[in-house]
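Visitor:
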Amino acid sequence: MNSSLIMLEISVIGLGLVLMLADLFVPAERRRFIGYAAIVALGVLLITSLSGNGSCGQFGTAFGGMFINDGLSLLFKQLFIIAAILVLFMAAEFSDKLAAGSVAEYYSLTLFALAGMLFAASSNDFTMLFVSIELITITFYVLVSFQRSKIQSLEAGVKYLILGALSSAFMVFGIALIWGTTGELNFTKLAAVAPQFADSQMFLLGVLLVLVGLGFKIAAFPFQIWAPDVYQGAPTPTTAFLGIGSKAAGFVLLLRVLFTAVPSVTAHWANLLIVISAITILYGNLCAIPQRNLKRLLGYSSIAHAGYLLLGVAALSASGQSALMYYLAGYVFTVMAAFFVITLVMRHLPSEDISGLAGLHQRSPLLAATLTIAMVSLAGIPPLAGFFGKFLLLKALIDTAHLTHNHGYYCLAFTALIGVVISLYYYFGVIREIYWGKNPEDLSPIEISSPAKLSLAICLAGIFWIGLFPDTVLNITNLAATALGK
Amino acid sequence: MSILTYIAGWPLLAALALVVVPRNYRVIIRAIAVLATLISAVLAVKMFAQFVPGANGFQFEQQIPWVESLGISYHVGVDGLNVGLILMGAIVAFAAALCSWEIQTREKEFYILLLLMTGGILGAFASLDLFFFYFLHELALVPTFIMIGVWGRGEKKNYATFQITLYLSIGALIALIGLIALYLQSGANTFDIPKIIEHAKTNPLSLNAQNFIFPLLLFGFGILVSLWPFHSWAPLGYGVAPSPTAMLHAGVLKKFGLYGLIRIALPLLPQATQSWAHVIAWLCVGNILYVGWVAMRQKDLNLLIGNSSVAHMGFIFLGIASLNLIGVTGAVLIMVAHGFLAALTFALSGYIYKQTGTLQISELGGLCRKLPFIGTALLMAAMAGCGLPGFANFVGEATVFFGSWKAFPTVTVIALWGALVIGGIYMTRAIRNILHGPLPEKWNSLVDASNVWRKLPYALLIVSLLVFGFIPKLLTEKINPDAQKIVALATGNLVSATAPGASPLNFVAQNK
Amino acid sequence: MEAINNLISGGVVQDIMFYVFAALTLLCAILVVANPFSRSPVTSAMFLVLTIISMSGLFLLLHAFFLAAVQILVYAGAVMVLFLFVIMLLDLKEEQRRKIKFFGLAAGLVSVSIVAGIFIKSLASIKLTAEPALEGETYVLGKLLFTQYTLPFEIISILLLVAMVGVILLSKKKLE
Amino acid sequence: MKYENLPWLILFLPLLSVAVITLFTLRSKTVSSLISIGAVVTGFVMTLLFINANGFQFSGETSANWLSIGGLQIDFGLKLDALSMMMLLVVTGVGGAIHIYSFGYMHDDESMARFFAFLSLFTFSMLGIVLANNFLMMFIFWELVGVSSYLLIGFWFEKPSAGDAAKKAFVTNRLGDFGFLFGILMVWGLLGSLSFSALQTTLAANPALLGASATLAGLLIFCGAMGKSAQFPLHVWLPDAMEGPTPVSALIHAATMVAAGVYMLCRTLFLFNSESLHLISYIGGFTALLAALMAVQQNDIKRIIAYSTLSQLGYMVMTVGLNGPTPAMFHLTTHAFFKALLFLSAGSVIVGMHHEQDIWQMGNLRKKMPITFLTFTIGTLALCGVPPFSGFYSKDAILTQALAQKSYLLFGVGVFVAALTTFYTFRLFFIVFFGKEKSKAASHAHESPLVMTLPLIALAVFSFAGGFIGITNNYGSQFVNHHEALSMAQQFTEPFNNLFPMACGLGAVAVGLFLAYSLYNNAAADPLPTKLGGLATLMKNKFYFDEFYEATFIRAHDFLAAVADWLDRWILEGAIIGAIRGGTDLSGRALRLAQTGNLQTYAFLFVLGVALLLYFVLGK
Amino acid sequence: MHVSLHHYLFVSFMLFSLGLLGVIMRRNLLVIYMSLELMLNAANLALVSFSRFNNKLDGQVLVFFIITVAAAEVAVGLALIVALFRKRQSAHVEDLTSMKL
């Protein structure tokens, strides 16, 4: 048993515990620095993982095959850490809106959620899947309702709680059925026996129910219904983490389940995935059109993006999976940038109505430009991250269409295209509000702290880097995709 | 480094430089923009002059791998098909930068976007890689939307911005799907256009694939080029666009789709091209005749020239559809000529709008008296627009007519009617109502373009039109050999594809 | 212990006990969800306790003795007390009987019955393998938990920590 | 061929002058006009030099490749033979005179420099038509001539009528050009070449090459001539074109441009088969008659001359159609002299009358403007065909040709039109120069300056002597295989070789003159309307052609435009795009109704989703 | 008929469906929550019966985890509901509609 593989996770959990303790000793007015300390620590972890020295860089399995470190987990772990760093930055800016005195708890809960995600990335077993997902979800129940003074925050928490528990129930039941029919919980072992059960209704039912649970995480149709409300109500840093971390965790598990555990079943579900992906894209984009609340808008947009990401799943090919991960990498920076700007601009506003952006280009050109770039990247326009990601997804999709002669894929490609066009409408609506919104109420310049500037710079650099120099990331995602097939 | 990289790179570099220039240094901002485009234009002229007609392969090539796993590389180069387009693009960009004095709010952002657009366009035309070809086009397209949205004019600004954004994005995305499908179907596993073409010579795409991809490219690019009936964005968009944007878009960027059809669809999808040719030809009638009629009816100058520009696209499509050397050469000629022309007309209408605050034809009149220079230029533009010899457009249109005569005589006659009669009617009507007649009292205070800088863009464009109008050989001798190759690929493949296994393209081999 | 063991391993008795417990479980569950006599959450909670207890009976029948105990201790004991405590704390009124929307009711019933129907339909695909053989020995279970399942077990501990912190955070009286 | 480069110079000098004037000397009226005059006069001198060196009886080409795309080879080439030499002389000669005259006529106009730039542009284009050695070159200059005419007619653009007239001229010409280019494409498609000489050789070798399309191709080519030479039914623009300055009318709408159609027909005569020629001759004859009738009831001095031009052009076209290129070109040349003379004299009158053009405001001008009177008289006599003025000879040649071709109907038309011509010309003559002054302006009229009268005199000399100075000789064997040069005496008595046509012509003149004298000598108002009634109204209103076209061609296009615009605006933009937009928006609004905010609904939708998922995957 | 896996699973399924019904039919948050507990219990039952009939103990381990997680979930959930009730004085789902559309 090679427990050194989980050093990263242990460090993160340890960090979370330390932060919680530190809260006792650090005076209230300096608690912001707890966050910065955590960021630095995470940064160190990230750098070690990037340089290949971290535990996540050592490939192998541990705990009887439950825990696996491979290219896929490495990529996702790096994404999770980056997301967490940015969320911590954001939380530091947002701290005065959180229940005072509990900032440190916010940080450490974020780190526990991160730990859950890291475990999720390495899960190779349904037990791990269940436990890590529950760790993420339960942490998020708290994080979502963290702003107790705000009724929306609590309401969002309750909605997330009930629907999350519902989806957990389905998932647990699904796991029970899978295990019951096959007797295996380990993905790798399951893959070996799964073909025998390809006709077993109960086995398929189990897999479907697990997919329900994961579909809820990634907010795919028809389990997307919670997303707008929770996105809107949650504190902005939580929303960001929910939109990226939780979604990415859902995707990494989805990939593992579909392509490592039950590839033989997945192969028959092309049409199902096509339909789900198509409807998800359309639903998210269409509903976003009349939306005026920016966070809610991003909630709908995140549904749409779940749909785009599902294209990579639906493609049922390594290039599709690679494209999915590539897209996700770009999505991390883009969404973080968007939410960071929302945090900075709207933390003092009663609601996140788009009209609050009016005059932003005068108040802070940097924030205006960042949000614009984020929107443009989400819309999938070169040279930003979103474009190359969509390009890869479409390419993978058409490739599969070409190979399988399944015309559904072409329809899906066109649906995605329609979705992109619709999304332009509302993304540009946001940009329009920034640059020529009418009657800005407040024109005072927005002060941006240097850590905030740093994190904005990280986001922008990420967006451009992934858009302009795809080679590095693409190699990583290709590697990660090959890990899945093994 | 290839000169092409410099041509496209300078504006992009200048755009970056502008980011750090404080916004109140207006003169410097303007100077940087003008200078950058001027350098591009001068380099483009140099490149055009150094271009060796009929040389084998591409010239001024440069290739840098970008994403090796996908076979994407930064690959630029010119042959006869794009050398003129790049020259035209660079000159129009310079003129547009000069015309941008009419922008008086947020100049910095405007110039950044303008330079971005310029770099994107020039890069797209120079690009020999499918991905960059598309990528750089998109890069140029987005600033267009923003510029129209922010600096546009008139009540319908928002509507028009969204219309043009959504329309063109749909077009671009359809084309993208087509291009990706092409990449995959070609089996060459590279985005490099010359390599794909080379590969397709021995492994032609299957008929099914061709028939699937061609409509995607045709309608995707067609939307970008305002092919009837997907044209309604164009007049609307140009009607509200600030004139430098309209100049660059209508003049240069719009040609991308046509260039794409010629560069990519014709050589790679020969059978599909042949079976779709008559469809294209008849859609042209929509552009030429129908949109010509619509233009006759317009009461706003920009809408009129917008529609007329749409109508002109019909001739280019007709040239392409004729699928012979003359037609394709003519199409490329018009692409270059119309670039200058569209830029000129939109620059002029921009001037008039700046002076009068309106483009309603009924409110104007007799402007030739107060604006002799602008009036004369507009007159020349109108004349060039209705295909007057002496201007480059005539050469192109006449060539297209000769080319299409054998392929589509009926359509050619309709096109003739559109070019000579309908074009003549609406252009002279516009002249009559804008420049001729008595001058209304209220326009007594108008000022003509007085100094050299103000006159330069118009003069430059007119001179370009005249030079290529008088000496079309400058272009045709460059276009010819490469158009010949394209046409050979588009038509010569027929034998090999219907009889699989037969060696394709003896035609080209013989020609060498 | 021996006696009980003999009793429940005896075929017919075991079957009868199964039916009794199953009926009890389902009946109580129905009363949790749709009690025709009371809409009070307290009633639901009480019936839930009964459900859980009768379920632990089923666990016993399945030779999962440890779990049966845990079920009663944790669920019927801790969790349900928590529920009741909260109900009392909040002093909840009865859920008002509103006009039942027939469409909503029908749609809900239909979708649940589709789910249930497919569940039950899938029963057919279960192949009866060997006779039930597993003896739920607590020792083996514990060993498994601390060897193979250490990692999830440890993660669960973090989860509990999170839950604790969360509960404290959410129910701190003062918002400072 | 000697001085091979000279024709190039002749052609491009005016273009150079355009460039110089527009770029540099737009501010200076005098310099600009001198440059322009210099260009055309130098051109004239060079033409003389060239002819002197080469004589008339030669044929040569000089060309450079202009455009070469596969099967499309277009040269920029000059064709030099008797036909083009003669036209070159006319264009530079008559043109030169008119240029000089304009210097005086336009002297007070502040845009004189622009005027001369346009004039030079026109000269360049016209020379291009004359010298072109292939169809496309000719078409190019054809168009350029059209546009310079457009510019010159609309020279006084602030006058709405001038703007309208320019537009009308342009569009009408464009209609003709449509046919012309159509025809060119057809010929190119069938014969594979555009060069006149190549075409002629090909066709001579294999006359059947044009096949069934021969007639159609011929008629389409003729369409070009129909537009430029204002033949029925495209004749409507010419009278309106009189809105331009008078020298323009003289140069373009009398002497040169309108003759281009006839010239083109002569140049490409080899293409026409007998059917098309037949039709052409009838169109010519009909135009001659129609225009003459219209002229009878016009009151604007320039319009009368314009209709007369139309009528004479009809003669020429008719003659070409009767396979008589030589008489046609003969008449073209003499007509250039005397019609330019008439226009310029009329211009002199107009200047003298302070830009009054209504003949019923004039009267008794012979006293006030003696030189003008004299030149006008010469012009009138030449036009009417009074011997020995030039018109007599050329008209006689036409009538003879008609008779020789046994086309008695056209011969009759010719004679009748001759009578009409005399009638309306002398009507004008009597009203303007005789009788009483009918307005104050007429009593204060004055003679024009020397710079204007000198060209008048020069033209008058040629109008008088044009008939026997060897014009027909110069065409030599251009159109016939054998041609003997005639001495001047022979030329002088040429009409007497065929007495019947001459007698008919002279009789017609006599009748016309008599009628005009009896009706209009000393008349204060026009007696004709009362005598002719409805016919006079018809004539006065030009047989309602304008109205007819307005109601058909223009309306039809406007209607189609309205339909297209409507479709664009309401169907394409409104209905289809609107529906797509609205549909998208609406579906967005509808879909999000699911987001009620009610947790129960959410749970229900969630379960419904599960149910659907399970049903579709496993429920079968 | 001899009681077999099918019987247990049937009970489990019915229990699950009843829980589901409760979640979508009841309006009181606490009752909804109880219904969710029913669903989790249904899963437990299924796992235990599979464990018995498959002769594998992993199912029971899983049940152990599920019970723990459920307890944690209940704790957090109830705290949340209490917090909300303090704000809203209601535990009814219809009152939680400040965010919609």
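Protein chains in written order, with the numbering used here: chain A, 2 to 487; chain B, 431 to 942; chain C, 6 to 181; chain D, 4 to 623; chain E, 248 to 348.
Backbone N, C-alpha and C fix where the C-beta goes; we use that ideal spot for every residue, glycine too.
Quick check on serine 146 of chain A - is its C-beta less than 8 angstroms from some C-beta in chain E?
Guide: yes
Visitor: Decide if the region 615–626 of chain B is in contact with the region 761–780 of chain B; the criterion is three or more beta carbon pairs, one per stretch, under 8 angstroms apart.
Guide: As far as the Cβ criterion goes, the region 615–626 of chain B does not touch the region 761–780 of chain B, which means the pair count is below three.
Visitor: Taking lysine 106 of chain C as the query, report the chain A residues whose CB atoms sit under 8 angstroms from its CB, ordered along the chain.
Guide: Residues of chain A passing the Cβ test: none, with the nearest at roughly 19 angstroms.
Visitor: At the 8 angstroms Cβ level, is phenylalanine 619 of chain D part of the contact set with chain C, yes or no?
Guide: no
Visitor: Can you tell me where the alpha helix (DSSP H) holding lysine 625 of chain B begins and where it ends?
Guide: 623–632
Visitor: For the beta strand (DSSP E) holding glycine 63 of chain D, just list the boundary residues, first then last.
Guide: 62–72
Visitor: Taking the CB atoms as reference points, tell me whether leucine 295 of chain A and isoleucine 355 of chain A lie closer together than 8 angstroms.
Guide: It is a contact, given that the beta carbons lie within the stated cut-off.
Visitor: Using DSSP with H/G/I as helix, E/B as strand and the rest coil, what is glycine 80 of chain D?
Guide: strand
Visitor: Anything in the region 795–809 of chain B with a Cβ closer than 7 angstroms to a Cβ of chain D? List those residues in chain order, please.
Guide: Within the region 795–809 of chain B, the residues whose Cβ lies closer than 7 angstroms to some Cβ of chain D are Gly796, Cys798 and Arg799, listed in chain order.
Visitor: Short of 8 angstroms in beta carbon distance, which residues of its chain neighbour leucine 646 of chain B, apart from the five on each side in sequence? Order them along the chain.
Guide: Ile604, Ala605, Ile607, Gly608 and Ala611
Visitor: Determine, for arginine 335 of chain E, whether the minimum Cβ-Cβ distance to residues of chain A falls below 8 angstroms.
Guide: yes
Visitor: If contact is defined by three or more beta carbon pairs under 8 angstroms, each pair taking one atom from either stretch, is the region 273–284 of chain A in contact with the region 307–314 of chain A?
Guide: yes
Visitor: How long is the line joining the alpha carbons of proline 930 of chain B and alanine 67 of chain D, rounded to whole angstroms?
Guide: In this prediction, proline 930 of chain B scores a pLDDT of 37, lower than 50, which makes its location untrustworthy; no coordinate-derived value is stated.
Visitor: Using the C-alpha atoms, what's the distance from leucine 412 of chain D back to valine 418 of chain D?
Guide: 10 angstroms
Visitor: For threonine 654 of chain D, which residues from the same chain have a beta carbon less than 7 angstroms from its beta carbon, with the 5 sequence-adjacent residues on both sides left out?
Guide: Outside the shown range of chain D, which is 4 to 623, sits residue 654 of chain D, and nothing can be said about it.
Visitor: Going by CA-CA distance only, name the one from A:Val263, A:Ser303, A:Pro291 and A:Phe260 that's closest to threonine 281 of chain A.
Guide: It is A:Ser303 whose Cα lies nearest to the Cα of threonine 281 of chain A.
Visitor: Report the neighbours of alanine 597 of chain D on chain C: residues whose CB is nearer than 7 angstroms to its CB, in chain order.
Guide: Within chain C, no residue comes near alanine 597 of chain D; the closest Cβ sits about 13 angstroms away, beyond 7 angstroms.
Visitor: Could you work out which residue in D:Phe392, D:Pro458 and D:Arg595 is closest to isoleucine 472 of chain D when comparing CA atoms only?
Guide: D:Phe392
Visitor: Based on DSSP bridge pairs, tell me the residues matched to glycine 61 of chain A.
Guide: A:Asn70
Visitor: Can you name the residues of chain C whose CB is closer than 7 angstroms to the CB of valine 380 of chain E?
Guide: Since the displayed chain E opens at 248 and closes at 348, residue 380 of chain E lies outside it and no answer follows.
Visitor: Among the candidates D:Gln364, D:Lys398, D:Thr65 and D:Phe185, whose CA atom is the shortest distance from the CA of alanine 291 of chain D?
Guide: D:Lys398
Visitor: Return helix, strand or coil for glutamine 493 of chain D, following the three-state DSSP convention.
Guide: helix
Visitor: Mapping the DSSP letters down to three states, classify glutamate 448 of chain A as helix, strand or coil.
Guide: coil
Visitor: Once DSSP output is grouped into helix, strand and coil, what is the label at tyrosine 154 of chain C?
Guide: coil
Visitor: May I ask you to report which of helix, strand or coil DSSP gives glutamate 359 of chain D?
Guide: coil
Visitor: Along the chain, where does the alpha helix (DSSP H) containing isoleucine 58 of chain C start, and where does it finish?
Guide: 46–66
Visitor: Counting contacts by CB-CB distance shorter than 8 angstroms, is threonine 921 of chain B in contact with chain D?
Guide: Answer no: the Cβ-Cβ gap between threonine 921 of chain B and chain D never drops below 8 angstroms.
Visitor: Compare the C-alpha of valine 174 of chain D against each of B:Ile855, B:Leu891, B:Ala889 and B:Phe900 and name the closest.
Guide: B:Ile855
Visitor: Out of A:Leu372, A:Leu119 and A:Pro446, which one is the CA nearest neighbour of isoleucine 69 of chain A?
Guide: A:Leu119
Visitor: Can you pull the chain B residues whose beta carbon is under 7 angstroms from the beta carbon of isoleucine 72 of chain D, in chain order?
Guide: Leu755, Ile756, Thr759, Thr829, Thr906 and Asn910
Visitor: Looking only at its own chain, which residues have a Cβ that is under 7 angstroms from the Cβ of aspartate 461 of chain A, when we skip the five neighbours before and after it?
Guide: The residue asked about is misnamed: residue 461 of chain A is leucine in this sequence, not aspartate. Non-local C-beta neighbours of leucine 461 of chain A in its own chain, meaning closer than 7 angstroms and more than five positions away in sequence, comprise Ala338, Thr371 and Ile374, ordered along the chain.
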